[in-house]
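Letter by letter, the sequence shown follows residues 749 to 815 in our numbering.
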Amino acid sequence: MKFKPFITGNNYETILYTDHKPLVYIFKNKEPSSARHFKWISEFSILKVKVLYEEGKNNFVADALSR
């Protein structure tokens with residue numbers, strides 16, 4: 749995870765906005781359905797991360813940063 753050094757060690761919850769609905773489902777579902785899902789969930793479980801869905805057309809910050 750490229751951003752891990754930026755969010756480890758802080759006392760605040762990091763909010764990750766994404767337009768990828770399956771990613772949000774993976775983190776809300778506590779039962780991993782595959783080894784890959786288990787890896788992602790275990791990696792993020794040590795971090796204070798909240799994954800929220802934001803429609804792509806409403807996610808202006810990500811759009812601006814990706815250009």
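Heads up, the beta-carbon is just placed ideally off N, CA and C, and yes, glycines get one too.
Check	Outcome
For the region 779-788 and the region 749-767, state whether three or more C-beta atom pairs, one from each stretch, are separated by less than 8 Å.	no
How about Leu764 and Val809: are their beta carbons less than 7 Å apart?	no
If you check the beta carbons only, do Val797 and Thr762 fall under 7 Å apart?	yes
Go through its chain and collect everything with a Cβ distance to Tyr760's Cβ below 8 Å, but skip five positions before and after it.	Lys796
Quick check: the Cα distance between Lys805 and Ala783, rounded to an integer number of angstroms?	32 Å
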